[in-house]
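Novice: Under the numbering used here, the sequence shown has 305 at position 305, and the numbering climbs by one with no breaks.
From the three backbone atoms N, C-alpha and C, an ideal C-beta is built for every residue, glycine too.
Computed from a predicted model, the values in this text were never measured in an experiment.
Below you will find the structure I want to go over with you.
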Amino acid sequence: MVMFCAYIYIILNYSASVPCSCGGIIEKLGWKEHLVFNLFFVLLAVAGWLLAKQPGNPFKAALILLCLGFTAILVVTFLYLSSERIIYTENPFIRRYTHGVIKTGEIDLGSNACYFAGSEAGTVFLGNYSNPLKIMITDTALRTPTEETIRVREADLPSIASQVRIEPPAFYLVDGQISRILKGSTTDWETSQRWDGTIRFSNYQLAGDHTIAFRAFMPGKKEQVLGCLSLADSLPYTLTPGLLEKQVDGDFGVDGTLSYDRGKEQVVYTYYYRNSYLVANSLLELKARRNTIDTVTQVRLVIDTLANRYQRKLISALMVNASAFATDGMLYVRSKIKGRYQPEKTWKQTGTIDVYDLSTGNYRTSFYVYKTSGKPVRQFFIIGKNFYGFAGNKLVRYNLGSMLNDYE
1 MVMFCAYIYI ILNYSASVPC SCGGIIEKLG WKEHLVFNLF FVLLAVAGWL
51 LAKQPGNPFK AALILLCLGF TAILVVTFLY LSSERIIYTE NPFIRRYTHG
101 VIKTGEIDLG SNACYFAGSE AGTVFLGNYS NPLKIMITDT ALRTPTEETI
151 RVREADLPSI ASQVRIEPPA FYLVDGQISR ILKGSTTDWE TSQRWDGTIR
201 FSNYQLAGDH TIAFRAFMPG KKEQVLGCLS LADSLPYTLT PGLLEKQVDG
251 DFGVDGTLSY DRGKEQVVYT YYYRNSYLVA NSLLELKARR NTIDTVTQVR
301 LVIDTLANRY QRKLISALMV NASAFATDGM LYVRSKIKGR YQPEKTWKQT
351 GTIDVYDLST GNYRTSFYVY KTSGKPVRQF FIIGKNFYGF AGNKLVRYNL
401 GSMLNDYE
């Protein structure tokens, strides 16, 4: 009973995840109530033992009890520290899931071409891959959306490849294929400024005031690098060769997801085909290289280099981290690698989101996101304590309060 009390105290004060408190007739008790309940019966047992003991030295009896209790606490503490070391250091790839992450809403977008463009004070902005000038606006509760159309002068019209990034009161219509950026206001959805650059880029995110982080090919080389450009008179840019670590090649082997943690002012790049991500500041100065919980350290690609001397084709690849989103010092990763002891049926019916602490690189927890109308979540974003995922034509919302409260 003393060991169980020590266990409860440790998970309440030091564990990153608190398991369910099920326990028969007392299953409705929380862990704090469990601790009080157990301590009461420990004291009752001690009193009974002292009363039932034959006359002798009471101090010796008390000393024995203290030694037994202290030894019990040490054993539980050792076992806890050992289990944490296995999870964080030895990495046997065993996920631990947070329960209570429940679906709280969904909305039909009428298309599977939507993506997250930005948010502000309870408002969510969605762009459209098929129609770059179309903006869908809804609130964080996913009630009835409205639509807006960006107005652009004919001379400034971007290509179909352009995407919008919104940070009210400004929006940016970005076309990396022709190195053009248009800026306008969300009050009238009309562009008012234009910048033209000299480098083609992709996978871009707003990274602070007047700065965009992106990925591009290094001029004169067949390898991709991260860079940042400034919204000045033109589009001056800087590249950071070596920040992306090559495996197999400098193109497919370094492909991944670029995200920006606005609260912590840091760029996070998560590789698609290996268990790695990097953290840098807004100027793309490296802060740390980290690993995801799975054990795929080397990319597994099959590339066709014979069809055309100037073109290369990716034939097959083992996807590890399908998408990622960084916010408030946490990294959320949609993993495609099944962990040890995960039920096959559940794995096929859901998507798994792994959560990491960006300051330490520690794996924290995981949670399931179920398919919607048979469609899995492909891309997602986080606002406050809510997870939003695109699944087919729908945008779904899950409440993460039960999970995030454990880290506050």
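Could you compute how far the alpha carbon of valine 101 sits from the alpha carbon of proline 241?
Specialist: 40 Å
Novice: Among Gly250, Tyr129, Leu331, whose alpha-carbon lies nearest the alpha-carbon of threonine 270?
Specialist: Cα-wise, what sits closest to threonine 270 is Leu331.
Novice: Report the CB separation of serine 259 from alanine 324 in whole angstroms; it is logged as a contact under 8 Å.
Specialist: 6 Å
Novice: Flag this pair as yes or no: are the beta carbons of aspartate 196 and leucine 157 separated by less than 8 Å?
Specialist: no
Novice: Let me make sure I understand the geometry here. Which of Tyr9, Gly250, Thr211, Ile353 has the alpha-carbon closest to that of phenylalanine 37?
Specialist: Tyr9
Novice: Pick out the complete alpha helix (DSSP H) segments inside the segment 311-357, 4 residues or longer, and give them in chain order.
Specialist: 344-349
Novice: Taking threonine 187 as the reference, which of Arg300, Ala170, Ile181 has the closest Cα?
Specialist: Ala170
Novice: State buried or exposed for aspartate 139, treating a residue as buried only when at least 16 other CB atoms are found within 10 Å of its CB.
Specialist: Only exposed fits aspartate 139, as fewer than 16 other CB atoms lie within 10 angstroms of its CB.
Novice: Figure out for me which residue from Asn399, Asn405, Lys348, Gly392 has the closest Cα to the Cα of tyrosine 107.
Specialist: Note that residue 107 is isoleucine in the sequence shown here, rather than tyrosine. Comparing Cα positions, the closest option is Gly392.
Novice: Which whole-angstrom value describes the C-beta separation of arginine 334 and glycine 351, a residue pair presumed to lie in contact below a C-beta threshold of 8 Å?
Specialist: 6 Å
Novice: So, is tyrosine 341 buried or exposed, given that buried needs 16 or more other C-beta atoms within 10 angstroms?
Specialist: Its Cβ having fewer than 16 others within 10 Å, tyrosine 341 is exposed.
Novice: Need the endpoints of the beta strand (DSSP E) that glycine 429 sits in, please.
Specialist: The structure shown does not extend to residue 429, since the chain is modelled only from 1 through 408, so no value can be given for it.
Novice: Tell me which same chain residues have a C-beta within less than 6 Å of the C-beta of aspartate 328, skipping the five on either side of it?
Specialist: Gly263
Novice: Need the endpoints of the alpha helix (DSSP H) that serine 402 sits in, please.
Specialist: Segment 401-404, the alpha helix (DSSP H) holding serine 402.
Novice: Of all the options Val174, Leu74, Thr123, which has the alpha carbon lying nearest to the alpha carbon of threonine 191?
Specialist: Val174
Novice: Taking the alpha-carbon positions, what's the threonine 98 to valine 152 distance?
Specialist: 46 Å
Novice: Tell me which residue opens and which closes the beta strand (DSSP E) that leucine 243 is part of.
Specialist: Unbroken run through leucine 243: none, as it is neither H nor E.
Novice: In three-state DSSP terms, what is tyrosine 9?
Specialist: helix
Novice: Grab the span of the beta strand (DSSP E) containing asparagine 203 for me, first residue to last.
Specialist: Start and end: 202-206.
Novice: May I have a chain-ordered list of the beta strand (DSSP E) segments no shorter than 3 residues that lie completely inside the segment 82-168?
Specialist: 102-108, 114-120, 123-128, 134-139, 146-149, 163-167
Novice: Whose C-beta lies closer than 6 Å to the C-beta of leucine 229 among residues of the same chain, with five residues either side of it excluded?
Specialist: Ile212, Leu235, Tyr237
Novice: Hey, would you say the C-beta of arginine 378 is under 7 Å away from at least one heavy atom of the ligand PLP?
Specialist: Of ligands this structure carries none, so the ligand PLP is not represented either.
Novice: Where does tryptophan 49 fall in DSSP's three states?
Specialist: helix
Novice: Tell me the rounded alpha-carbon separation between phenylalanine 78 and alanine 72.
Specialist: 10 Å
Novice: Within the same chain, show all residues whose beta-carbon is closer than 7 Å to that of isoleucine 315, passing over the 5 residues directly before and after it, in chain order.
Specialist: Val302, Ile303, Asp304
Novice: Between phenylalanine 41 and methionine 3, how many whole angstroms is the CB-CB distance? I'm expecting something under 8 Å.
Specialist: With a Cβ gap of about 13 Å, phenylalanine 41 and methionine 3 do not count as contacting.
Novice: How would you label proline 343, buried or exposed, when you count the other beta carbons within 10 angstroms and need 16 or more for buried?
Specialist: exposed
Novice: Among the residues of its own chain, which have a CB less than 8 Å from the CB of alanine 317, if the five just before and after it don't count?
Specialist: Phe252, Tyr272, Tyr273, Val299, Arg300, Leu301, Val302
Novice: My assumption, with CB atoms under 8 Å, is that lysine 345 sits in contact with valine 320. Please give the rounded CB distance.
Specialist: Their Cβ separation, rounded to whole angstroms, is 22 Å, which puts lysine 345 and valine 320 out of contact at 8 Å.
Novice: Leaving out five residues on either side along the sequence, give the residues of the same chain with a beta carbon under 8 Å from the beta carbon of threonine 89.
Specialist: Because threonine 89 sits at a pLDDT of 47, beneath the cut-off of 50, its placement in the model cannot be relied upon, and the point is left open.
Novice: Using DSSP with H/G/I as helix, E/B as strand and the rest coil, what is leucine 79?
Specialist: helix
Novice: Just confirm the distance between the C-beta atoms of isoleucine 178 and serine 202, as a whole number of angstroms; I'd bet it's less than 8 Å.
Specialist: That belief does not hold up - the Cβ atoms of isoleucine 178 and serine 202 are roughly 12 Å apart, past 8 Å.
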